[in-house]
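Residue numbers (this note's numbering), protein chains in the order written: chain Y, 796 to 908; chain S, 62 to 170.
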Amino acid sequence: DAGITQSPRYKITETGRQVTLMCHQTWSHSYMFWYRQDLGHGLRLIYYSAAADITDKGEVPDGYVVSRSKTENFPLTLESATRSQTSVYFCASGRTNSNQPQHFGDGTRLSIL
Amino acid sequence: EDQVTQSPEALRLQEGESSSLNCSYTVSGLRGLFWYRQDPGKGPEFLFTLYSAGEEKEKERLKATLTKKESFLHITAPKPEDSATYLCAAQTGANNLFFGTGTRLTVIP
Numbered sequence: 796d797a798g799i800t801q802s803p804r805y806k807i808t809e810t811g812r813q814v815t816l817m818c819h820q821t822w823s824h825s826y827m828f829w830y831r832q833d834l835g836h837g838l839r840l841i842y843y844s845a846a847a848d849i850t851d852k853g854e855v856p857d858g859y860v861v862s863r864s865k866t867e868n869f870p871l872t873l874e875s876a877t878r879s880q881t882s883v884y885f886c887a888s889g890r891t892n893s894n895q896p897q898h899f900g901d902g903t904r905l906s907i908l
Numbered sequence: 062e063d064q065v066t067q068s069p070e071a072l073r074l075q076e077g078e079s080s081s082l083n084c085s086y087t088v089s090g091l092r093g094l095f096w097y098r099q100d101p102g103k104g105p106e107f108l109f110t111l112y113s114a115g116e117e118k119e120k121e122r123l124k125a126t127l128t129k130k131e132s133f134l135h136i137t138a139p140k141p142e143d144s145a146t147y148l149c150a151a152q153t154g155a156n157n158l159f160f161g162t163g164t165r166l167t168v169i170p
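Structure representation (C-alpha cells):
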C-alpha cells in the first residue's frame with residue numbers, strides 16, 4: 796500500500812547514544828518533514844527536505860541530523876541522545892511546502908533514559 | 062509572533078450532541094488553515110484545507126469554516142467513532158506551518 800512508514804515504532808535508549816529513526820514514503824512526494832510532539836506543545840518542525848540532497852532547519856533542529864540521499868527516505872539521527880529528546884517523532888511528506896496538506900506516518904515513540 | 066490556539070483542550074459530548082471546536086490564529090499572511098484528526102498511537106490524518114475567509118468544507122458529520130481570525134470545526138450529531146484529538150495548523154506566508162495543541166474530543170454512547 797502507498798503511504799508513509801516509520802521505524803521503529805518504539806525505541807528505548809540511553810543518554811549519549813546515537814539513534815536513527817527511519818522514514819519511507821511511497822508517494823514520490825518532493826517534500827519530507829520531521830516533527831516532534833510533546834505534551835503542551837503543538838507539533839514542532841525539526842527539519843525538512845525539499846528534494847534529495849536538499850535539507851533545511853525547522854523550529855527545533857539542535858541535536859538532530861538529517862540526510863536525504865533518495866527521494867523516498869528521510870532518516871533522522873540523534874547523534875548523542877539527551878533526555879529532553881524523549882518524545883514522539885512524526886515524519887510527514889507532501890507534494891509542495893505551500894498550500895498542500897502534509898501526510899503523516901504513525902510515529903516513533905522514543906524514550907531516552 | 063505567529064501562534065495557533067485551540068479551545069477547548071478537551072470536550073465530552075453525548076452521542077448526537079452537536080458542538081464546535083475553535084482554532085484561533087495570529088500568523089503573517091495566512092496561506093492555508095489545515096484540520097487534522099489524530100487517534101491514539103497514530104499520526105495526524107488530514108481532514109480539510111481552508112484558504113480564505115468565508116470558505117467552508119464538509120465531510121460527513123464535520124464542517125470546517127474560516128474567518129480572518131479563527132476557524133471552527135463543527136461536529137453535527139457526533140458518534141463515538143468521532144472520538145479523537147483534532148488538530149489545526151496555520152501556514153504562514155513564509156510557508157511555516159504552526160500547529161495548535163489540539164482538542165481531545167470524547168463522544169459518549
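Cβ atoms here follow ideal geometry from the backbone N, Cα and C, with glycine treated the same way. This one's a predicted model, so the numbers in the text were calculated from it and none came from an experiment.
Chain-order list of residues whose beta-carbon lies under 6 Å from that of residue i (same chain, five-residue window excluded)
i        : result
SER85/S  : THR66, GLU131
LYS33/S  : Outside the modelled stretch of chain S, which goes from 62 to 170, sits residue 33/S, for which no answer is possible.
VAL88/S  : ASP63, ALA151, THR153
GLY93/S  : THR110, TYR112, GLN152
SER906/Y : ILE807, THR881
Close-in-space but distant-in-sequence residues of the same chain around residue i (CB under 8 Å, 5 per side omitted)
i        : result
TYR843/Y : TYR826, MET827, PHE828, TRP829, THR850, ASP851, GLY853, ASN892
PRO139/S : LEU74, GLU76, GLY77, GLU78, SER79, SER80, ARG122, LEU166, VAL168
PRO174/S : What is shown of chain S runs 62 to 170, which leaves residue 174/S out entirely.
Per-residue burial, residue i [other beta carbons within 10 Å of its own, 16 or more giving buried]
i        : result
TYR859/Y : buried
ILE169/S : exposed
ALA71/S  : exposed
TYR97/S  : buried
TYR805/Y : exposed
ARG812/Y : exposed
PRO105/S : buried
7 Å Cβ shell around residue i - same chain, five flanking residues per side excluded
i        : result
PRO69/S  : THR164
ALA145/S : ARG98, GLN99, ASP100, LEU166
Beta-ladder partner(s) of residue i, from DSSP
i        : result
TRP822/Y : None, per the DSSP bridge assignment.
*the region 119 to 137 of chain S contacting the region 885 to 903 of chain Y, beta-carbon criterion three pairs below 8 Å*: no
- Cβ contact (3+ pairs, closer than 8 Å) linking the region 101 to 115 of chain S and the region 75 to 83 of chain S: no
- Short-range partners of chain S found in the region 832 to 858 of chain Y, where Cβ spacing is below 9 Å: GLN832, LEU834, GLY835, HIS836, GLY837, LEU838, ARG839, LEU840, GLY853, GLU854
Inset, instruction - Mind the definition here: the region 802 to 821 of chain Y touches the region 866 to 874 of chain Y only if three or more C-beta pairs lie below 8 Å; say whether that holds. - result: yes
message = If the cut-off is 7 Å on Cβ atoms, which residues from the region 866 to 888 of chain Y count as contacting chain S, listed in chain order?
response = PHE885
Counting only Cβ-Cβ distances shorter than 7 Å, please list the residues of the region 889 to 906 of chain Y near chain S, keeping chain order. ASN892, SER893, ASN894, PRO896, HIS898, PHE899, GLY900, ASP901, GLY902
*Identify each residue in the region 65 to 94 of chain S for which the Cβ-Cβ distance to at least one residue of chain Y is less than 8 Å, and report them in chain order.*
VAL65, ARG92, GLY93
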